[in-house]
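Beneath this line is the structure, given in structure tokens, with notes to follow.
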Amino acid sequence: MGRVRNLLRFSTRWILWIATGAAANYKRLPENSQNEIKEVAKEPGKWGKSLESAWDSSKIGAEHFKITSGILANILIGRRISKKEKIQAKEDLAALSIIVPPLRVFMIPGSQVLLGIMARVTPWRLIPDDWIPIDALKSVRDGGSVSLEKESSVVSKLLGRKKSNNAN
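Numbering (the working numbering), first residue to last: 180 to 347.
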């Protein structure tokens, strides 16, 4: 049963990845930007630790992050998020990259594919409770239902692997 559910979950994400044009946008990115997104997808834990240390040092209190933290909490508990909300969250995180350098990856077009990983590595204990939707608060504080490794593997599969014969 778990395998079927995982297959359906991956298939749905893959179809949306293609249908929304995110795959085409990703392929049009410069090699440098593609590698940066792949690096985050490969080692989300390392990225999360650097994000948390930068977050601690800057004491972020940005009011526009209130909406973004709500969106990330909804992603974490598995709610549907509109394309507009995903783009807004990506833009807010890109604006915060001035203060928190690990967030600079969200300046890359199409990087909203990393919002699932971002929702799992966000230092939720540093975010005020009133910024997190009430129905998501318990789940966010306990941790997500999908592990970071699972999310990382899904994003890596979506991004695909670069073929070595392209260099020839």
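Positions of the beta carbon are idealized from the N, C-alpha and C atoms, including for glycine.
Span separating the alpha-carbon of residue i from that of residue j
i	j	result
LYS305	THR191	Strictly speaking, residue 305 in this sequence is Leu, with Lys absent from that position. Those two C-alpha atoms are separated by around 32 Å.
GLU210	MET297	22 Å
ILE266	GLY227	21 Å
LYS329	ARG188	11 Å
ILE216	LEU272	15 Å
SER212	GLY339	14 Å
ASP308	THR301	14 Å
SER343	ILE311	Unreliable placement is indicated for SER343, whose pLDDT of 39 sits below 50; no coordinate value is reported for it.
LYS138	LYS262	Look at the range of the chain in this structure, 180 to 347, and you will see that residue 138 is not part of it.
ILE278	SER232	12 Å
VAL219	ILE260	21 Å
ARG299	ILE194	23 Å
GLY240	ASN214	Any reading at GLY240 must be qualified, since the residue scores a pLDDT of 48, below 50, and its modelled position is unreliable; the value itself is stated next. Going from the Cα of GLY240 to the Cα of ASN214 covers about 31 Å.
TRP332	GLY257	Sequence inspection shows Ser at residue 332; the Trp mentioned does not correspond to that position. Taking the straight line from one Cα to the other gives about 17 Å.
GLY181	TRP303	28 Å
PRO280	ALA274	10 Å
ILE246	LYS206	30 Å
GLY392	LYS221	The requested residue 392 does not occur in the structure, where the chain is confined to residues 180 to 347.
8 Å contact criterion, which residue i and residue j should meet: CB distance rounded
i	j	result
ASN253	ALA203	Wrong, their Cβ atoms sit about 26 Å apart, outside the cutoff.
SER318	LEU255	7 Å
ILE287	LEU230	That belief does not hold up - the Cβ atoms of ILE287 and LEU230 are roughly 16 Å apart, past 8 Å.
PHE285	LYS269	5 Å
LEU294	LEU251	7 Å
Unbroken alpha helix (DSSP H) run spanning residue i, endpoints
i	result
VAL219	210-221
THR247	244-255
LEU275	262-275
ARG299	294-300
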